[in-house]
Ligand code: NOJ
Ligand code: CA
């Protein structure tokens, strides 16, 4: 990415901002409240291709600020930009804006796999040098891309002698929200920087009661506007947490580093994009979140046909139930025989792969100091298992739990991945189970350092791992990861991740995930990318037989609602054999999609999602509800009008729901026409899933 040299452009002062002009424009707009024009200096304003969304830069009291308006009304009111630089003080005061340069872009690109095969990348771009006056004259460019559905902006540090070795103590980017109604916005968020990383149930509070939050964070205003704040293309920088300063004023707080300064880079470089996605309803927010992919760089890996969407089973749930163990001993899960049995089950039911956790030596040592990533326990024969899998047409999915010892993993990485490559393994689940701040690495002299899961070190680590994996045609599913910022576009073998409260909490979490969890996730965490939820617990019970607060049909709905290109059927094989109707659905449901439509939904309440199989004519629809029963009328206008379809439906049955018979499920077939509406009832804690195939 070429970084421009702003100094030359700065010598044309005629186009610089006049604060008086900005003030005048703002005053004019007070008189014209519904005008779809930018409220700011037109020389430093960029609007979306459809003109609804505008981003305006200004200087107020010597500080660079930005605002975002939608149809002429404020979304983000003036919010400061800046940095606290190590040894260099604040880069914030005494600023002037240089001349803006502009570009427009409209391109449709194809994903190798995803929720949508085609993605349209259409925006107007503005680049403005922000120049510090006086002694230092440090310049940073702000680059803004305004899409119809949101805004991305980033700082680009050009090559300049007075700011060459950049140490960032804090980024001072603000997000100050316009209230959008007397009551002020509501927010759905999880705490940032807390010990359990991203594995929290979402808080739903007034926006002015948010503390320190992870992104993506979703806001809904009283006037119905939905806003998500997040970041895109986080690869060599510290992730931000969103810290509420007061009222509706928020600011970035970068995840800490053992090095003091939170980011250390050599100029030229660019920060990740700071994103503001805006829509008038929750389904619109999901659709607009493709700006995150668009703000990432195109595929660097070339043909990634080897990074295959797949459904997998695995030696996993039995450990979370405490029936088997990861470590060897009398309860060892990953034995040769257990794995051969799972391979047989996968082959018989059309699953693509078998995850094996706990096959390698070292479980579980403090901070993962004993893990051996290329050495099997004596009761696990990798050669035999992989040869048998190959014979049965099934793949093995590898596992690398690090317990947060990313340093040890990096030291063994080549050997560990070579070992998998030799055994024909094409995907690996990684894991970083450690409290926030408990990532261990070593300096070259052996000194131990402790990092955060989302600091600069780990941002780089995850890229290092996917690059090393890509060289061996291995796809990655990271648990306890850094948040998703759309890097899968650049590295399509970064296929899925955890980074939310998944189904392991259904086994032992206190409390287990409530029915509102998925309708919340869809409009929060899922805006950022795929999630390895690990659904499909058809026994509806966790550890020691504790009942899950879900219906059977709901377990199936999750396969459509929560997107992951690696999707697990997480329950024990014997439990699937007891529920053949549910198993039939899980066997059939696709994992790769041509296109996706969120048909309706409200955050934390319910959602209905339709997805068309990639390269196919069949559609799949999933619905989830919170602990309220709900009737929906599925609007089938996405199908060609009056074309006959056969709908195969798995829905909550009479007397079902979490307060009734959770297993009550009706499986039925109906003929319907495109354009019809299909009424379905979801019971409390329930849902439905259905397929739509053209008749004949
Ligand atoms: C936590 C992961 O989320 C889970 O899926 C895995 O089984 C354990 N760590 C052990 O690695
Ligand atoms: Ca986890």
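In the numbering used here, the protein residues as written are 186 to 881. By construction, the Cβ of each residue, glycine as well, lies at the ideal position given by its N, Cα and C atoms. This structure is a prediction, so every number in the text was calculated from the model and none was measured.
Legend entry - Euclidean distance between Cα positions of residue 647 and residue 628: So the alpha carbons of these two residues sit roughly 18 angstroms apart.
Legend entry - Cβ-heavy atom distance, residue 817 to ligand 1, below 6 angstroms: no
Inset, instruction - Have a look at residue 839 and residue 849 and give me their C-alpha separation to the nearest angstrom. - result: Going from the Cα of residue 839 to the Cα of residue 849 covers about 7 angstroms.
Inset, instruction - State the Cα-Cα distance for the pair residue 559 and residue 598, rounded to the nearest angstrom. - result: 10 angstroms
Legend entry - Under 7 angstroms between C-beta atoms of residue 716 and residue 403: no
Inset, instruction - Kindly list the residues whose CB is nearer than 7 angstroms to the CB of residue 589, restricted to its own chain and excluding five residues on each side of it in sequence; keep chain order. - result: 552, 553, 617, 618, 619, 623, 624, 625
Legend entry - Nearest neighbour of residue 250, chosen from 621, 238, 237, 264 [CA to CA]: 264
Legend entry - Residue from 859, 379, 502 with nearest C-alpha to residue 878: 859
Inset, instruction - Please look up how many angstroms separate the CB atoms of residue 267 and residue 276, rounded, as I've assumed it's under 8 angstroms. - result: 6 angstroms
Legend entry - For residue 786, the residue or residues it bridges with in DSSP: 792
Legend entry - Straight-line Cα distance separating residue 694 from residue 773: Residue 773 and residue 694: Cα-Cα distance of roughly 30 angstroms.
Legend entry - Proximity of residue 541 and residue 585 at Cβ, strictly below 7 angstroms: no
Inset, instruction - For residue 300, verify whether its CB is less than 6 angstroms away from any heavy atom of ligand 1. - result: no
Inset, instruction - In the DSSP assignment, find the alpha helix (DSSP H) that holds residue 534 and state where it starts and stops. - result: 521–534
Inset, instruction - Output the boundary residues of the beta strand (DSSP E) element that contains residue 872. - result: 872–879
Legend entry - Reduced DSSP category for residue 502 - H, G, I as helix; E, B as strand; rest coil: helix
Inset, instruction - Go through its chain and collect everything with a Cβ distance to residue 218's Cβ below 8 angstroms, but skip five positions before and after it. - result: Reliability fails at residue 218, whose pLDDT of 31 lies under 50, so the model's placement of it is uncertain and the value that follows must be treated cautiously. Within the same chain, Cβ atoms closer than 8 angstroms to the Cβ of residue 218 are found at 257, 258, the five residues on either side in sequence being excluded.
Inset, instruction - Entirely within the segment 722–766 and at least 3 residues each: give me those beta strand (DSSP E) ranges in chain order. - result: 751–753
Legend entry - Residues near residue 557 by beta carbon distance below 7 angstroms, same chain, minus five either side: 545, 546, 547
Inset, instruction - Using three-state DSSP, classify residue 662 as helix, strand or coil. - result: strand
Inset, instruction - Indicate whether the contact test is met: 3 or more Cβ pairs, each with one atom in the segment 457–467 and one in the segment 408–418, closer than 8 angstroms. - result: yes
Inset, instruction - Check whether the Cβ of residue 664 sits closer than 6 angstroms to any heavy atom of ligand 2, and report yes or no. - result: yes
Inset, instruction - Say yes only if the C-beta of residue 695 is nearer than 6 angstroms to one or more non-hydrogen atoms of ligand 2, and no if none qualify. - result: no
Inset, instruction - Using three-state DSSP, classify residue 803 as helix, strand or coil. - result: coil
Legend entry - Nearest neighbour of residue 433, chosen from 471, 363, 442 [CA to CA]: 363
Inset, instruction - Tell me whether residue 399 is buried or exposed, calling it buried when 16 or more other Cβ atoms sit within 10 Å of its Cβ. - result: buried
Inset, instruction - Consider the C-beta atom of residue 721 and the heavy atoms of ligand 1; say whether any pair is separated by less than 6 angstroms. - result: No; taking the cut-off as 6 angstroms, the Cβ of residue 721 has no heavy atom of ligand 1 nearer than that.
Legend entry - Distance, residue 410 Cα to residue 721 Cα: 34 angstroms
Inset, instruction - Below 6 angstroms CB to CB, which residues in the same chain sit around residue 297 once its five sequence neighbours on both sides are set aside? - result: 489, 677
Legend entry - Own chain partners of residue 471 with C-beta closer than 6 angstroms, once the 5 adjacent residues on each side are dropped: Hits under 6 angstroms: 783.
Legend entry - Same chain only: Cβ atoms within 7 angstroms of residue 601, ignoring 5 sequence neighbours per side: 558, 559, 585
Inset, instruction - If I'm right that residue 294 touches residue 563 with Cβ under 8 angstroms, what's the distance once you round it to whole angstroms? - result: Rounded, the Cβ-Cβ distance is 49 angstroms, inconsistent with contact.
Inset, instruction - Run the CB neighbour count on residue 816, radius 10 Å, all protein chains shown included, and call it buried at 16 or more, exposed below. - result: exposed
Legend entry - Three CB pairs or more closer than 8 angstroms across the segment 763–779 and the segment 735–747: yes
Legend entry - N- and C-terminal bounds of the beta strand (DSSP E) containing residue 820: 815–820
Legend entry - Neighbourhood of residue 307 by C-beta, 6 angstroms cutoff - its chain only, sequence neighbours within 5 removed: These residues qualify, in order along the chain: 234, 291.
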